[in-house]
Amino acid sequence: MTNTSPLELVVVPCRQDNYAFLVHDARTQQTALIDAPEAALIQAALDARGWTLNDILITHHHDDHVDGLAALRGDARVIGAQADAHRLPALDLAVKEGDQITVCGQATHIFDVSGHTIGHIAYYMPGANLVFTADSLMALGCGRLFEGDASQMWDSMQKLRALPDETLVCSGHEYTAANARFAASLDPDNPDLILRIKAVEKARAAGQATVPSTLAEEKRTNPYLRVDLPEFKAVMGMPDASPADVFAKVRALKDSF
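Residue 392 in the working numbering sits at position 177 of the sequence shown, and the numbers go up by one each step.
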């Protein structure tokens, strides 16, 4: 699908390594924020463009994704997971998997991507080729399993992997260089991974963000999306294991890497 939407995407670095995302519709002048790690930097990005928030979309309850919300919300509609509402800031709209809402004129689909937390959601805008995944699918990685298990996170990865290749994966942290080192320790002969690592190193040396990434490059290089592939299972020495078991092994290795 070609991106024919009038949306502008702004990546806002926050805190030590977080990202927030602003989406702006030039036609309607509506603006949405996905996650609110740090109010001052997000407000500065809004002020620099003369934008006012209409919607704030929250992916999960962790402090580094909601800390700035109170200072930013104003009259904005705050959207988050129904399953997480008890530990999120007050929501104006509680959503669940399968729901479709309209944000900045875009049909926006809700996915339950539990694993990092229970109740973590992702927001997918097919008309703009954008998916906001926060700490579920990340650039060359995935979030640590604080609340869910490997089977849940693998289910979440499969939902996201099924989206079109050209989808931009807007994840929540600048962890890509560390994730790349780990991926290379598992799959050092993957030519796509070798090329991507060089690109990541160049970007970081120049102080540039490595997020968003395309789903196509994640599918070729992200070990957590490859655990059901025979060639990756062979690399892991687990040719007959279930994908969930391979996923669990990869995540355990990363946790102690």
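Cβ atoms here follow ideal geometry from the backbone N, Cα and C, with glycine treated the same way.
Segments of 4+ residues assigned as alpha helix (DSSP H) that fall wholly inside the segment 275-336: 278-281, 284-287
At 4 residues or longer, what runs of the alpha helix (DSSP H) sit wholly inside the segment 372-426? 391-401, 406-420
Rounded to the nearest angstrom, how far is the Cβ of TYR390 from that of GLY334, given a contact under 8 Å? Walking along the sequence shown from the start, residue 390 turns up at place 175. Walking along the sequence shown from the start, residue 334 turns up at place 119. About 22 Å separates the two Cβ atoms, so there is no contact after all.
Helix, strand or coil: how does DSSP classify MET216 here? The residue given as residue 216 occupies position 1 in the sequence shown. Unreliable placement is indicated for MET216, whose pLDDT of 39 sits below 50; the coordinate value is still reported in the next sentence. Correct three-state label for MET216: coil.
Can you give me the C-alpha to C-alpha distance between VAL450 and TRP369, rounded to a whole angstrom? Here residue 450 refers to the residue found at position 235 of the sequence shown. Here residue 369 refers to the residue found at position 154 of the sequence shown. If I take the Cα positions, the gap works out to 18 Å.
With DSSP as the reference, identify every bridge partner of ILE273, one or two as the case may be. Here residue 273 refers to the residue found at position 58 of the sequence shown. None, per the DSSP bridge assignment.
Over what stretch of residues does the alpha helix (DSSP H) that includes GLN258 continue unbroken? On the sequence shown, residue 258 is found 43 positions in, with the first residue counted as 1. Segment 254-264, the alpha helix (DSSP H) holding GLN258.
Could you check whether the Cβ of GLN258 sits closer than 9 Å to any Cβ belonging to chain C? Judged by its chain identifiers, the structure shown contains no chain C, having just a single protein chain.
Sufficient close CB pairs (3 or more, under 8 Å) joining the segment 279-289 to the segment 245-254: yes
DSSP three-state call for VAL238: helix, strand or coil? Translated into positions along the sequence shown, residue 238 becomes position 23. DSSP places VAL238 in strand when its eight states are reduced to three.
Comparing alpha-carbon positions, which option in VAL293, GLU312, ALA424 lies nearest ALA305? Your numbering for residue 305 matches position 90 in the sequence shown. Ranking VAL293, GLU312, ALA424 by Cα distance to ALA305 puts VAL293 first.
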